[in-house]
Amino acid sequence: MCLHGSADRRKRMTEEIATSEKLLTFIIPVYKVEKYINECVDSILNQLTDACEVILVDDGSPDHSGVICDGYADRDSRVKVVHQKNGGLAAARNTGLDCARGEYIAFVDSDDYLDGQCVSKILNWITLGGADICFMRAKKVFPDGKQQLLDDEMNAAELKGSKESAIKYLSECSKYPGSPCTKLFRRALLERNHLRFPDDRRVSEDLGFVLQCILNADSYDALPIDYYYYRQAREGSITNNVTYKSFLGLRAFVEESINILTENKSPKGNIERYAMSFVAYEFSIMIWQYSRIGKEFKSEAAKTLNEYSWVLSYGRTKKTHLVRWTMQILGVNTTMRMLDIYMRLRSSNRGG
Numbered sequence: 002m003c004l005h006g007s008a009d010r011r012k013r014m015t016e017e018i019a020t021s022e023k024l025l026t027f028i029i030p031v032y033k034v035e036k037y038i039n040e041c042v043d044s045i046l047n048q049l050t051d052a053c054e055v056i057l058v059d060d061g062s063p064d065h066s067g068v069i070c071d072g073y074a075d076r077d078s079r080v081k082v083v084h085q086k087n088g089g090l091a092a093a094r095n096t097g098l099d100c101a102r103g104e105y106i107a108f109v110d111s112d113d114y115l116d117g118q119c120v121s122k123i124l125n126w127i128t129l130g131g132a133d134i135c136f137m138r139a140k141k142v143f144p145d146g147k148q149q150l151l152d153d154e155m156n157a158a159e160l161k162g163s164k165e166s167a168i169k170y171l172s173e174c175s176k177y178p179g180s181p182c183t184k185l186f187r188r189a190l191l192e193r194n195h196l197r198f199p200d201d202r203r204v205s206e207d208l209g210f211v212l213q214c215i216l217n218a219d220s221y222d223a224l225p226i227d228y229y230y231y232r233q234a235r236e237g238s239i240t241n242n243v244t245y246k247s248f249l250g251l252r253a254f255v256e257e258s259i260n261i262l263t264e265n266k267s268p269k270g271n272i273e274r275y276a277m278s279f280v281a282y283e284f285s286i287m288i289w290q291y292s293r294i295g296k297e298f299k300s301e302a303a304k305t306l307n308e309y310s311w312v313l314s315y316g317r318t319k320k321t322h323l324v325r326w327t328m329q330i331l332g333v334n335t336t337m338r339m340l341d342i343y344m345r346l347r348s349s350n351r352g353g
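Heads up: the sequence shown is residues 2 to 353, going by our numbering.
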């Protein structure tokens with residue numbers, strides 16, 4: 002199925018697919034990835050069953066990506082394509098959500114790919130009852146072919162207690178699990194709470210979405226399976242460049258989260274207190290980004306860092322505790338330089 006992005010056509014598509022449920026929907030936003038899209042889609046289709054569907058959202062891609070997507074839809078009825086004007090990653094994901102009919106949603110970026118044995122394991126997990134959110138394992142893949150397992154694998158047993166204990170556990174993990182691509186989301190969770198990606202920004206739009214999903218979920222689980230492969234250092238990838246827009250994207254997440262979780266700088270409850278640890282983690286990333294942005298933005302960025310430095314007091318990881326201590330003793334500039342050195346060493350060692 003191939004639709005162009007008019008509201009009427011999208012409405013007809015939504016009405017049509019609503020009558021036929023699937024177990025699992027893969028949503029893949031597509032933009033300028035003609036070199037990578039085949040590997041991404043094939044990694045899914047090669048193991049797909051009729052209980053699944055793939056929705057490719059061509060976000061106004063100027064290369065041949067849209068044509069490649071149409072070819073998949075022509076050959077495989079499980080693939081649907083929506084063509085729309087360029088609106089960014091968030092808008093493309095939201096379009097996919099509006100069209101999805103799966104009980105569960107998986108987001109895949111079109112320059113990444115999935116493990117060749119994961120879909121059957123996911124479907125088995127779904128049939129056994131599932132949960133509102135499921136965390137899965139991811140690896141980085143470098144241009145030389147080497148791979149690195151990310152250090153954010155979740156312990157299923159820790160997630161299956163109360164909601165408060167699950168979020169407490171997540172708050173103590175090494176970093177905020179902010180990517181939607183390493184998770185499964187029950188579609189009912191998203192629809193019941195009207196959860197969508199904020200489409201008013203082009204960077205860090207996924208952080209708030211994932212936080213809202215975590216806060217609104219009633220059940221959590223983890224599948225200890227190889228699942229997602231992040232392609233590193235792709236030319237043109239939005240994640241490869243730190244700009245002032247990147248900084249502003251994180252600032253928007255921090256400000257929105259503070260408004261949701263706190264009142265007069267105090268968390269509204271225990272769950273909100275634990276969730277503030279995610280905000281503290283992303284704030285520490287902002288401090289590192291400060292070292293990379295242009296000089297013309299430094300003054301305004303420094304004001305932001307000073308204004309929200311108090312969020313570090315709610316960090317629950319060793320890294321955020323260290324950043325807070327360094328900020329208090331040595332100030333923003335020294336902390337920024339230390340974080341920059343750390344990030345460079347981590348990148349060169351491909352460590353976590």
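Note that the Cβ used here is the ideal one computed from N, Cα and C, for glycine as well.
Just tell me which of the options has its CA closest to the CA of residue i.
i, options, result
"G146", "L212, R232, I69, V68", "R232"
"C100", "D201, I28, P144, K304", "I28"
"A167", "I272, R325, I288", "I272"
"L190", "C70, L90, F298, S220", "S220"
"T318", "S285, V142, W289", "S285"
"Q148", "S78, A234, Y309", "A234"
"D227", "K169, L212, L151", "L151"
"L185", "G103, G316, Y170", "G103"
"D341", "R293, F298, L331", "R293"
"E308", "K161, V333, V55", "V333"
"L313", "K266, L171, D222", "K266"
"Q202", "E35, G89, G316, D71", "In the sequence on display, residue 202 carries Arg and not Gln. Closest option to R202, Cα to Cα, is G89."
"G67", "W311, Y275, Y230, Y32", "Y32"
"F143", "Y114, M339, N260, N194", "Y114"
"Q118", "Y105, R138, L160, I134", "R138"
"I123", "P268, R252, K304, T183", "T183"
"T50", "S78, V58, G250", "S78"
Under the rule that 16 or more other beta-carbon atoms within 10 Å means buried, what is residue i, buried or exposed?
i, result
"L346", "exposed"
"T335", "exposed"
"W326", "exposed"
"E192", "exposed"
"K86", "exposed"
"Q290", "buried"
"A107", "buried"
"V204", "buried"
"N156", "exposed"
"S121", "exposed"
"R76", "exposed"
"A223", "buried"
"Q213", "buried"
"Y210", "The sequence shown places Phe at residue 210, rather than the Tyr named in the question. By the 10 Å Cβ count, F210 comes out buried."
"S175", "exposed"
"K169", "buried"
"P199", "buried"
"E173", "exposed"
"N95", "buried"
"E297", "exposed"
"P63", "exposed"
"A158", "exposed"
"S258", "buried"
Over the uninterrupted beta strand (DSSP E) stretch that includes residue i, give me the two end residues.
i, result
"Q149", "148-150"
"G103", "103-108"
Considering only DSSP beta bridges, list what residue i is partnered with.
i, result
"K184", "F136"
"K376", "Residue 376 lies beyond the range of the chain shown here (2 to 353); nothing can be said about it."
"T26", "E54, I106"
"E297", "In DSSP, E297 forms no bridge with anything."
"Y221", "I134"
"L115", "Y229"
"E283", "DSSP, once it has assigned bridges, lists no residue as partnering E283."
"T96", "DSSP, once it has assigned bridges, lists no residue as partnering T96."
"P268", "T263"
"V31", "D59"
Just to check my reading of the structure: residue i and residue j have Cβ atoms closer than 8 Å, yes? What is that Cβ distance to the nearest angstrom?
i, j, result
"Y73", "V83", "Actually they are not in contact, since the Cβ atoms of Y73 and V83 sit about 13 Å apart, beyond 8 Å."
"G131", "R187", "7 Å"
"V255", "E283", "6 Å"
"N39", "I69", "7 Å"
"Y245", "G295", "6 Å"
"F248", "Y177", "No, F248 and Y177 are not in contact; Cβ-Cβ is about 17 Å, not under 8 Å."
"D110", "P225", "In fact, because the Cβ distance is near 22 Å, the residues do not count as touching under 8 Å."
"C53", "L98", "In fact, because the Cβ distance is near 16 Å, the residues do not count as touching under 8 Å."
"D112", "C41", "7 Å"
"T321", "A281", "5 Å"
Is any non-hydrogen atom of the ligand GTP found closer than 7 Å to the C-beta of residue i, if you look at the structure I gave you?
i, result
"E256", "Absence of the ligand GTP is noted for the structure shown, with no ligands found whatsoever."
Looking at the unbroken alpha helix (DSSP H) that takes in residue i, where does it start and where does it end?
i, result
"W126", "119-128"
"N39", "38-46"
"E165", "164-172"
"L196", "Run containing L196: none; DSSP gives neither H nor E here."
"R76", "66-76"
"L160", "157-160"
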